[in-house]
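Structure first, commentary second.
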Amino acid sequence: MPIDIKQLSQAYQYLPDATGLVDDTGNILFINQAFAELIDADTRVTTQDSLAQVFLLRKAQSNDWQSLLNTAIDQSCTVEVVIANKSNHLVSCRLHLQSIVDEGRFVCFLARLSNKSINASLDENLTTLAYRDSLTGLANRYLFSQLFDHEISQSQRLNKRFAVLFLDLDKFKKVNDSMGHDAGDEVLCAVAERLQKSLRKSDLIARMGGDEFAIIMSNIKDSETVSKVSDKLIREIKKPVKSGANVMEVGCSIGISIYPDNALTAESLLQHADAAMYRAKHDGGNRYQFFSDALNQELNDIRVVEQELQQGLIDDQFVPYFQPVIDLRSNRVVGVECLARWKHPKRGVLAAVEFIDVAEKKGLIKDVFNQVLTQAFEQIDDWTLSLNERIPLSINISNKQFYQHNTFDLIDQLIAKYKVPSDAIRIEVTESTLQESETDLLEHLKRIKTSGFSITLDDFGTGYSSLRYLQQLPVDTLKIDRSFVRNLDNNPHDKIIVKAIIQLAETLGISVVAEGVETALQSEFLEQNKCFIMQGYFFSEPLSSNDFEAFIKSKPSLTKEPVHRL
Ligand code: C2E
Ligand code: MG
Ligand code: MG
Numbered sequence: 093m094p095i096d097i098k099q100l101s102q103a104y105q106y107l108p109d110a111t112g113l114v115d116d117t118g119n120i121l122f123i124n125q126a127f128a129e130l131i132d133a134d135t136r137v138t139t140q141d142s143l144a145q146v147f148l149l150r151k152a153q154s155n156d157w158q159s160l161l162n163t164a165i166d167q168s169c170t171v172e173v174v175i176a177n178k179s180n181h182l183v184s185c186r187l188h189l190q191s192i193v194d195e196g197r198f199v200c201f202l203a204r205l206s207n208k209s210i211n212a213s214l215d216e217n218l219t220t221l222a223y224r225d226s227l228t229g230l231a232n233r234y235l236f237s238q239l240f241d242h243e244i245s246q247s248q249r250l251n252k253r254f255a256v257l258f259l260d261l262d263k264f265k266k267v268n269d270s271m272g273h274d275a276g277d278e279v280l281c282a283v284a285e286r287l288q289k290s291l292r293k294s295d296l297i298a299r300m301g302g303d304e305f306a307i308i309m310s311n312i313k314d315s316e317t318v319s320k321v322s323d324k325l326i327r328e329i330k331k332p333v334k335s336g337a338n339v340m341e342v343g344c345s346i347g348i349s350i351y352p353d354n355a356l357t358a359e360s361l362l363q364h365a366d367a368a369m370y371r372a373k374h375d376g377g378n379r380y381q382f383f384s385d386a387l388n389q390e391l392n393d394i395r396v397v398e399q400e401l402q403q404g405l406i407d408d409q410f411v412p413y414f415q416p417v418i419d420l421r422s423n424r425v426v427g428v429e430c431l432a433r434w435k436h437p438k439r440g441v442l443a444a445v446e447f448i449d450v451a452e453k454k455g456l457i458k459d460v461f462n463q464v465l466t467q468a469f470e471q472i473d474d475w476t477l478s479l480n481e482r483i484p485l486s487i488n489i490s491n492k493q494f495y496q497h498n499t500f501d502l503i504d505q506l507i508a509k510y511k512v513p514s515d516a517i518r519i520e521v522t523e524s525t526l527q528e529s530e531t532d533l534l535e536h537l538k539r540i541k542t543s544g545f546s547i548t549l550d551d552f553g554t555g556y557s558s559l560r561y562l563q564q565l566p567v568d569t570l571k572i573d574r575s576f577v578r579n580l581d582n583n584p585h586d587k588i589i590v591k592a593i594i595q596l597a598e599t600l601g602i603s604v605v606a607e608g609v610e611t612a613l614q615s616e617f618l619e620q621n622k623c624f625i626m627q628g629y630f631f632s633e634p635l636s637s638n639d640f641e642a643f644i645k646s647k648p649s650l651t652k653e654p655v656h657r658l
């Protein structure tokens, strides 16, 4: 009579040695009490799991159980495995696999486990190298993903929920840049320690890389608990980290997804938590955000836009629009700002606000920029001939582009091709770009200046540039943000801010431009306060190249004499 698994199980049931039966794909068919105790006293593992879910193979690279099992069918083997027990402590063991064959037919593997590691001296390395983040001692990305799968199978079987928290530090780059990498490392260690202190022992905490951490809070009852814990983490991480004379401060943004409510796979749960984290960061940082259906919809929309952007690039749907910059003293066009527009096949002409962010996030901004700028230079070249004057061109550079060398290579190429004097190019960077990193920043700004371009600080007033900081930067022009100009008619507070910006520019000896001027009242207020250069719907919306040419021709007084420089 052939042997069956049940018979085998009964035979091994009370053996004092940790013994189990495993099928040829690695599914555990049976484990005896000793085995259960050895891998986890709390019997988290049952016969529904597979070897891969219970054990981590010794070397991070050799995690292919199937090929191991294929080999073990012909020749019994012993491998070093690691168990993460209930409190996420790693224990290394020796697993012996031997096939049981009955009448020439493979029945299953006999799996024997002993808690002696093959090479005890490697144990230290094991925890530090393969599965642990060497700086903080937390689990690393690899261990996290292994335990994540385990958590899913447990929660599924026991019908429990768990939360995935994706945590990213705010302003960490600033600490690293201004105080050095050692200081950055200290902050990361302090954060790791605070996370460990604030969470339960059974929660899994991992450093995923850089300043990113991930947490699994198992067996949660409701989202209220997760909110409370997140609040606590935010409070703890906000506390200053002291090191010698240095005091370092960071914050954190947390995105949360819940199993099984938001997704069933580790990949989706992490993606969702990551997306929610981005939203928290986008909303100002030092906050948490649960993944939600609304956020999901938003992500789907972004995915659609991304696909359409890619098609749009293939079909040359991106064009420059031109908004005149006027000097009220002479009533002349003293410049033109190039603004990207998307001739969307279904939605008409879309303004930059509707797609620039997605293009930047998805790494497509460079291609959009190339398409738009190449046409803008051609156009400006035409106008130089037909209007017999050169209108200085303002070019917007996004945060990421600013730090990429090829952004300026393209501008250099276009300048050479169309023989544009470099002082006819104005580079617009937003104030937030300046907050990025002080060392890189100065170098980049200097490079722009040596190329001969002038630099405009766009959306000025929305960031936090101090006077002292501005003084160090080679900036030529401040552009007052539209949000202040918009309320000039009725908001006394904004009037004060605008006056202050104009005075600041004067103190620094640089020009000032107001954008988004829509009414005569706004224009008059600015003029009274000695800001004479403006752009906005009051003068003209951004125009297609044909309309811009018509605009200039319809105002002959604007075109004839040489233009003012800003
Ligand atoms: P920005 O450089 O501050 O451009 C001004 C924005 O305000 C433009 O929106 C413009 O159409 C709009 N605007 C101009 N006058 C008025 C007005 O009087 N009232 C109102 N309500 N709005 C006005 P747009 O074109 O959607 O661009 C948004 C932002 O996208 C720009 O802000 C700029 O930062 C960025 N951007 C535009 N084109 C490009 C580009 O080719 N490359 C990059 N990197 N960024 C671009
Ligand atoms: Mg601009
Ligand atoms: Mg602006």
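Counting from 1, position 317 in the sequence shown corresponds to residue 409 in my numbering; the numbering is continuous, with no gaps. Even for Gly, the Cβ is constructed at its ideal location relative to N, Cα and C.
At a cut-off of 4 residues, the continuous stretches assigned as alpha helix (DSSP H) that sit fully inside the segment 184-264 are 233-250. The alpha carbon of residue 360 has as its nearest neighbour, out of 263, 228, 256, the alpha carbon of 256.
The straight-line gap separating the alpha-carbon atoms of residue 369 and residue 447 is approximately 21 Å. Rounded to the nearest angstrom, the gap between the Cα atoms of residue 274 and residue 502 is 37 Å. Within the model, the alpha-carbon separation for residue 533 versus residue 602 is close to 19 Å. Relative to residue 458, the option among 485, 499, 440, 146 whose CA is nearest is 499. In this structure, ligand 3 has no non-hydrogen atom nearer than 6 Å to the beta-carbon of residue 429. Segment contact: the segment 289-300 against the segment 348-355, fewer than three CB-CB distances shorter than 8 Å; contact not assigned. Within 10 angstroms of the beta-carbon of residue 204 lie 16 or more other beta-carbons, which makes it buried. In the same chain as residue 263, and ignoring 5 residues on each side of it, the C-beta atoms closer than 8 Å to its own belong to 341, 342, 343, 377, in chain order. Closest option to residue 201, judged by alpha-carbon separation, among 235, 166, 284: 166.
At a Cβ-Cβ threshold of 7 Å, residue 174 and residue 159 do not count as neighbours. Non-local C-beta neighbours of residue 464 in its own chain, meaning closer than 6 Å and more than five positions away in sequence, comprise 410, 412, 432, ordered along the chain.
For ligand 2, a non-hydrogen atom lies closer than 6 Å to the CB of residue 520. Bounds of the beta strand (DSSP E) holding residue 347 are 343-351. Excluding five sequence positions before and after residue 105, the CB atoms of its chain that fall closer than 6 Å to its own CB belong to 124, given in chain order. Annotation for residue 597: the continuous alpha helix (DSSP H) segment containing it runs 584-600. Between the beta-carbon of residue 228 and that of residue 143 there is about 29 Å, and that puts the pair past the 8 Å contact cut. Checking the DSSP bridge columns, you'll see residue 434 partnered with 410, 442. When the beta-carbon positions are compared, residue 573 and residue 553 come within less than 7 Å of each other. Residue 328 and residue 637 have their alpha carbons spaced roughly 55 Å apart. Rounded to the nearest angstrom, the gap between the Cα atoms of residue 590 and residue 600 is 15 Å. Bounds of any beta strand (DSSP E) do not take in residue 371; it lies within the alpha helix (DSSP H) bounded by 358-374.
In the DSSP assignment, residue 483 forms no beta bridge with any residue.
In terms of Cα proximity to residue 337, the closest of 271, 161, 383, 284 is 271. Here residue 276 carries a helix assignment [DSSP, helix/strand/coil]. In the structure shown, residue 107 falls within a coil segment according to DSSP collapsed to helix, strand and coil.
At a threshold of 6 Å, residue 488 counts as near ligand 2, since its beta carbon sits closer than that to one of the ligand's heavy atoms. Counting along the chain, the unbroken alpha helix (DSSP H) around residue 463 starts and ends at 457-478. Residue 634 and residue 414 do touch by the CB rule: their CB atoms are close to 6 Å apart, below 8 Å. Residue environment: residue 585 is assigned as exposed (fewer than 16 neighbouring CB atoms within 10 Å of its CB, all protein chains considered). Ranking 312, 416, 100 by CA distance to the CA of residue 253 puts 312 first. A straight-line Cα-Cα distance of about 20 Å links residue 358 and residue 345. If you ignore the 5 residues before and after residue 562, its C-beta comes within less than 7 Å of the C-beta of 600, all in its own chain and listed in chain order. The alpha-carbon separation between residue 317 and residue 129 amounts to approximately 31 Å. Non-local beta-carbon contacts of residue 241 in its own chain, meaning distances under 7 Å to residues more than five positions away in sequence, involve 145, 358 in chain order.
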